[in-house]
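Residue numbers for the sequence shown follow my numbering, so the first one is 8 and each next one is one higher.
Beneath this line is the structure, given in structure tokens, with notes to follow.
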Amino acid sequence: MSTFGFDRIKTALSQALEGLSDWSSLNRLDKGKVIDQTFKSLMRDLMKQFGMQPGVDYVDNLSDNARSADFVALSQQADELIRGLLDGKIIAISGHSRISKLGNEFKVQAHFRKKVA
Numbered sequence: 008m009s010t011f012g013f014d015r016i017k018t019a020l021s022q023a024l025e026g027l028s029d030w031s032s033l034n035r036l037d038k039g040k041v042i043d044q045t046f047k048s049l050m051r052d053l054m055k056q057f058g059m060q061p062g063v064d065y066v067d068n069l070s071d072n073a074r075s076a077d078f079v080a081l082s083q084q085a086d087e088l089i090r091g092l093l094d095g096k097i098i099a100i101s102g103h104s105r106i107s108k109l110g111n112e113f114k115v116q117a118h119f120r121k122k123v124a
């Protein structure tokens with residue numbers, strides 16, 4: 008079982024959220040809650056996409072002020088997935104539109120993908 012702190016990722020998330028007009032009106036406590044909830048939602052999406060199950064492969068119901076660990080991996084697969092994310096081997100793909108070779112337009116949902124070596 009591994010525990011992970013994601014201070015660098017949360018700092019980057021905070022910097023990205025600063026561009027929102029409502030962000031400056033929030034107090035520090037509310038900003039922290041928004042960052043934690045957003046981060047946990049991203050991690051849940053990542054785990055779900057790769058077939059991981061809460062309580063079996065990972066723990067994500069930690070309290071908002073649990074600073075010692077933001078996420079706990081229970082299985083080897085979840086551990087490897089998180090390490091891959093931290094090492095840049097897992098990348099986020101934003102949602103976008105594409106046109107197929109047959110000329111049909113379709114939407115690609117935002118998702119995570121393992122980086123091809």
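Using N, Cα and C, we set each Cβ at its ideal position, and we do this for glycine too.
Can you tell me whether DSSP reads residue i as helix, strand or coil?
i, result
"Glu25", "coil"
"Ser32", "helix"
"Lys38", "helix"
"Phe57", "coil"
"Ala99", "strand"
"Lys108", "coil"
Look at the alpha carbon of residue i and the alpha carbon of residue j, and state the distance between them as a whole number of angstroms.
i, j, result
"Ser107", "Asp52", "26 Å"
"Glu87", "Asp67", "16 Å"
"Met85", "Phe13", "This sequence places Ala at residue 85; Met is not what is there. Whole-angstrom Cα-Cα distance: 15 Å."
"Leu36", "Ser21", "13 Å"
Beta-carbon of residue i versus every beta-carbon of chain B: anything under 8 Å?
i, result
"Lys47", "This model lacks chain B altogether, as it is built from one protein chain only."
Hey, residue i and residue j: beta-carbon distance below 8 Å or not?
i, j, result
"Ile89", "Lys122", "no"
"Ser104", "Lys114", "yes"
"Val63", "Leu92", "no"
Report, in whole angstroms, the separation of the C-beta atoms of residue i and residue j, which I expect to be a contact under 8 Å.
i, j, result
"Phe57", "Ile16", "The Cβ separation is near 17 Å, so there is no contact."
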